[in-house]
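K.L.:
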Amino acid sequence: MQSKRNISILTDALTEKPSRGLRPLKKNSEGKYLSASLRLSNNNISDLYGLQRTVSHFLAEPSNLAWLDLSFNKITHIDQALCELHELRVLYLHGNNISVLSEVDTLAVLPHLHSITLHGNPVETNKTYRNRVIAALPRLKTMDFSGVTQQDRIMAKIWHGGNIRSGASKETAGSSSK
Numbered sequence: 033m034q035s036k037r038n039i040s041i042l043t044d045a046l047t048e049k050p051s052r053g054l055r056p057l058k059k060n061s062e063g064k065y066l067s068a069s070l071r072l073s074n075n076n077i078s079d080l081y082g083l084q085r086t087v088s089h090f091l092a093e094p095s096n097l098a099w100l101d102l103s104f105n106k107i108t109h110i111d112q113a114l115c116e117l118h119e120l121r122v123l124y125l126h127g128n129n130i131s132v133l134s135e136v137d138t139l140a141v142l143p144h145l146h147s148i149t150l151h152g153n154p155v156e157t158n159k160t161y162r163n164r165v166i167a168a169l170p171r172l173k174t175m176d177f178s179g180v181t182q183q184d185r186i187m188a189k190i191w192h193g194g195n196i197r198s199g200a201s202k203e204t205a206g207s208s209s210k
């Protein structure tokens, strides 16, 4: 639903009629869609203000949103609003402007998130990108449309462990010089 509409503010989507896909979308008696997915890709969305309102406007069971496509927008930050989507399993954020890799950590609270895309964002240029994301989201099965392997998990764990030790020794060194 709702792709390629030149939406720049999420609440602008409220006045749009969803695009028809291959299968007709079923609605309840209130005219809300009986779906667990929402596609807002290929727009000009820069922030997620109004996400809950938008999800509630379109979906009969907004708390069951499991698949959210926000790819190819102008999103610069991973907003806390995503963390309220407790049933989210698949999140597409590729092709945006996310540049702070540590923001991925906020998504760790999503208990069912098993697939994420972040490629095509400035964060992808960070040499620790894949390890960092897998360490932050240990339940991932796929990242950037590629399976997360046991080797990926081992490398992420090693990277994460080294990072913790490195941070702890920096803190120790900093406090001993005071």
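Counting from 33, one number per residue, gives the positions in the sequence shown under the numbering used here.
Where is the CB? At the ideal position from N, CA and C, for every residue including glycine.
Report the partner residues of V122 according to the DSSP bridge assignment.
P.N.:
W99 and S147
K.L.:
Since G127 sits in a beta bridge, which residues does DSSP pair it with?
P.N.:
DSSP output for G127 lists no bridge partner at all.
K.L.:
Under 9 Å, do D176 and T138 count as touching if we go by C-beta distance?
P.N.:
no
K.L.:
Residue ranges of each alpha helix (DSSP H) run of no fewer than 4 residues wholly in the segment 130-192, ordered along the chain?
P.N.:
Here the runs fully enclosed are 161-168.
K.L.:
Which class does L91 belong to by DSSP, given the choice of helix, strand or coil?
P.N.:
strand
K.L.:
What separation, rounded to the nearest whole angstrom, lies between the Cα atoms of S208 and P154?
P.N.:
Unreliable placement is indicated for S208, whose pLDDT of 42 sits below 50; the coordinate value is still reported in the next sentence. Cα to Cα, the separation comes out at about 36 Å.
K.L.:
L100: buried (16+ other C-beta within 10 angstroms of its C-beta) or exposed?
P.N.:
buried
K.L.:
My output table needs one value for L70: the three-state DSSP class, helix, strand or coil.
P.N.:
strand
K.L.:
Since Q84 and E62 are thought to touch, with beta carbons under 8 Å apart, how far apart are those beta carbons, to the nearest angstrom?
P.N.:
In fact, because the Cβ distance is near 17 Å, the residues do not count as touching under 8 Å.
K.L.:
Whole angstroms are fine: how far does the CA of N195 sit from the CA of L66?
P.N.:
44 Å
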